[in-house]
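Taking numbering that gives the first Met the number 0, the leading residue of the sequence shown gets 0, the next gets one more, and so forth.
Only one structure is covered here, and it is reproduced in the block below.
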Amino acid sequence: MAKLLFGVHNHQPVENFKNIVDEAVEKAYRPFIEAVYPVKNFKFSVHFSGWLLEYIAANHPHVVELLKEMAGEGRVEFFTAGYYEPVLVSLPSRWRRYQIERLNGFIEELFGQKPRGLWLTERVWDDSVICDIVDCGVEYVVVDDYHFICAGFDRSQLGGYFLTESEGKVLKVFPIDKKLRYLVPFKPPSDTAEYLKSSWGSRVLFDDGEKFGIWPGTYSWVYGKGWLKEFLSLVESGEIEMELFSENVKREKPLGIAYLPTASYYEMGEWTLPPERFRELKELEAFLRENGLEDYIEKFVRGSIWKNFFVKYPESNYMHKRMLDLSLREVDSDSFVENLSKSQCNDVFWHGIFGGIYLPNLRDNFWRFLLSAQEEAERSKEFVELRDVNCDGYEEGILSSSRLFAVLLPKYGGVLGELSLRGERFNYQNVISRHREGYHYQIEETSERSSRGIPTIHERPLKIPPEVREKLAFDWHLRASFVSHFTDSVSEEEFFRESFRELSDFADQPYTVSVSEGSVILVRRGGIYRDGHHIALLSKRFSLRENTLYFEEEFETDYRGELLHILELNFHFIDPKGFKFELEENLLRVRDYGLGKELLITSSLPFSLLHYPVETVSQSEKGAELTLQGYCFGLSYRAGSSFKLKIELEVKDV
């Protein structure tokens, strides 16, 4: 009979909505801890992200007191990680150590226990983290058994822990048992007991605490229908034997040495793929199952790595590289360290079943933290420079004043990629594109499962209702501002779906960039593609003074027909519905009630206006979600073979 090493991982995005955090405490964390508290032979490990533990200690002290008592009795073992739950491989070494050591200190201060184990955020493993983890006093980590399968191991070999090393620094690695992840708490407890009786050595279950009350259907199943009560009765009767990781490494020798590839859990590898590759992967999985080769899927079929989210989502890469840029600076300020480490929280950088990067509040929080750190790091607020901020091989144009901070992206069409308000710590360009996802190909995905128990979040069918599916539209360029389109005609529906005929290559192709007299100048020698190829030149000049961004555009072509030029602007609002706009001759006035601002967009030429809300259809643990990300404005001009335009974008207090 195998021993059970039971662990729960509890996390909420940094400074998530209070009502959501409190609901997680009241429906999952607190009732679970209260239920296991009286069962003396229930031993478990627990990890809380640092800020969440801090919040619970301040707002739900009863939970902490119970944990203190159990810790004193030797029944609970605390695991460390990054304090604000970053993916460790995404950070420079010194920030990894800071995040881990800070949580180590907080756990020791609160519970008098020095952590020996580490929860690896999203189980994202890369052996580059070994040295930092070991140097922080960590002896063992948990990863998925899938990591071992990728390295050539068989599940029959995984009845204990292994040793790995980097530069001679040794770390113990425990495989989390996939079968247990799908049994607990979704199937009757007797299934878990039977599985452990048929196994040898020790088996690890370390998974999200939210599955004990927050995930769909779990609160009623775990507490109302008695799953946890029945599970604990099996523990009390000795049908399930439990021990702590610290006890296990003292009692057992390692099973051997293992070198694990860069990986996360299997589903993460699917999510990080581009949508077409996702669909092809699913087709391959189905083919193997149909031909009796299901066991080959985990062994030889896999998706990409976690960092590929920086490729899949340019917005994620931009946020990450802005954070990374500040992380490499030496700033002697507690406020800088606090805000920048908050910006390193993992949730905003990726997307799977949970909303992640598609959740506007997570992105708003990221920018609030990052811009607060930036204020501490900058010696001067007024400057113009060229620097490759997002590591894409192109120098971005940076314009900074005492009120605004703007970044221009030459690679993505010479567009405005960031317009941040210094005082309000808010980025008006924080609009995510309507990316195509693999699950958009699915009308309804079903899976066969036993009637015993309830489905996991991975087994729940995905339903995209017809009214939501109607809103599906996909962007072929970055959702930025001052995107330059040239066409011959466009309807409102075509503008919404981005299906109008693009006659030029100025909207999403690279520009050259330079600085002159306090301005950033972007130039592209491209073409108009109608009745053949016609040479065209487009130049953009941006400058910034106080609270106003100045834009000049000049266009020339040897095409002699009439063109329709659409200058696309996209804005994100802290209250997605808390704004109004009106057109007054050559002025577009946008009142932002959420921030108490007014955007005044003044054009040197008359224009007609196209507009629509930018909404994404993304997956969540509850199904398909329609999320309002921002608002798109298209300033439409009649253009001939030459064209000159000036625009002022002023951000003023209401």
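All C-beta atoms, glycine included, are put in the ideal place defined by N, C-alpha and C.
{"Query": "Rounded C-alpha distance that separates F308 from L119", "Result": "18 Å"}
{"Query": "Chain-order list of residues whose beta-carbon lies under 8 Å from that of S619 (same chain, five-residue window excluded)", "Result": "I352, F353 and G354"}
{"Query": "Spatially closest choice to E246 from F5, V522, P605 and S503, by CA coordinates", "Result": "F5"}
{"Query": "Local conformation of E68 per DSSP, three classes", "Result": "helix"}
{"Query": "Entirely enclosed alpha helix (DSSP H) segments - the stretch 599-653, minimum 4 residues", "Result": "none"}
{"Query": "When E614, G639, G633 and Y636 are compared against L627, the one with the closest alpha-carbon", "Result": "E614"}
{"Query": "Length of the line joining the Cα atoms of R544 and V650", "Result": "11 Å"}
{"Query": "Boundaries of the alpha helix (DSSP H) in which S232 is found, first to last residue", "Result": "W226 to E235"}
{"Query": "Secondary structure of A285, DSSP reduced to three states", "Result": "helix"}
{"Query": "Beta-carbon spacing of P274, R496 below 8 Å", "Result": "no"}
{"Query": "Given 8 Å, three or more beta-carbon pairs between the stretch 525-534 and the stretch 585-600", "Result": "no"}
{"Query": "Beta-carbon gap between D652 and K596 smaller than 8 Å", "Result": "yes"}
{"Query": "Closest residue to F505 among Q428, Y440, E584 and P409 (Cα-Cα distance)", "Result": "P409"}
{"Query": "Status (buried if at least 16 other CB within 10 Å, exposed otherwise) for I442", "Result": "The predicted model places I442 with a pLDDT of 49, which falls under 50 and marks its position as unreliable; any figure quoted below should be read in that light. When all chains shown are included, I442 counts as exposed."}
{"Query": "Reduced DSSP secondary structure (H/G/I, E/B, other) of F147", "Result": "helix"}
{"Query": "Burial state of S446, where buried means 16 or more other Cβ atoms lie within 10 Å", "Result": "Here the model assigns S446 a pLDDT of 41, short of 50, so the residue's position is not dependable, and the following value carries that caveat. Result: exposed."}
{"Query": "Nonlocal neighbours in the same chain, by C-beta distance under 6 Å from N15, ignoring five residues either side", "Result": "none"}
{"Query": "Separation of V203 from R468, as counted between CA atoms", "Result": "40 Å"}
{"Query": "Limits of the unbroken beta strand (DSSP E) element including Y549", "Result": "T547 to T556"}
{"Query": "8 Å Cβ cutoff met for L587 and Y636", "Result": "no"}
{"Query": "Residues sharing a beta bridge with F404, DSSP", "Result": "S399 and S419"}
{"Query": "Any 3 or more C-beta pairs closer than 8 Å across the stretch 417-436 and the stretch 340-347", "Result": "no"}
{"Query": "Rounded C-alpha distance that separates A257 from F161", "Result": "6 Å"}
{"Query": "First through last residue of the alpha helix (DSSP H) which encompasses T191", "Result": "P188 to K196"}
{"Query": "Candidates L608, Y558, P575 and Y549: closest to E647 by CA position", "Result": "Y549"}
{"Query": "Integer-rounded CB distance, given that Q508 should sit under 8 Å from G412", "Result": "6 Å"}
{"Query": "DSSP-derived helix/strand/coil call for R544", "Result": "strand"}
{"Query": "Coil, strand or helix - I352 by DSSP", "Result": "coil"}
{"Query": "Close Cβ partners of C149 (< 6 Å) along its chain, the five nearest in sequence each way excluded", "Result": "P260 and A262"}
{"Query": "Beta-carbon separation (whole angstroms), R321 vs L369, contact threshold 8 Å", "Result": "6 Å"}
{"Query": "Residue span of the alpha helix (DSSP H) that contains H319, given as start and end", "Result": "P313 to S326"}
{"Query": "Residue span of the alpha helix (DSSP H) that contains K178, given as start and end", "Result": "K177 to L182"}
{"Query": "Whether W366 touches I356 by CB criterion (8 Å)", "Result": "no"}
{"Query": "Buried or exposed (CB count within 10 angstroms, at least 16 for buried), Y145", "Result": "buried"}
{"Query": "Inter-residue CB distance, D126 and S92 (contact presumed, cutoff 8 Å)", "Result": "So it is not a contact: roughly 13 Å between Cβ atoms."}
{"Query": "Residue of R250, L625, S515 and Y528 minimising C-alpha distance to P464", "Result": "L625"}
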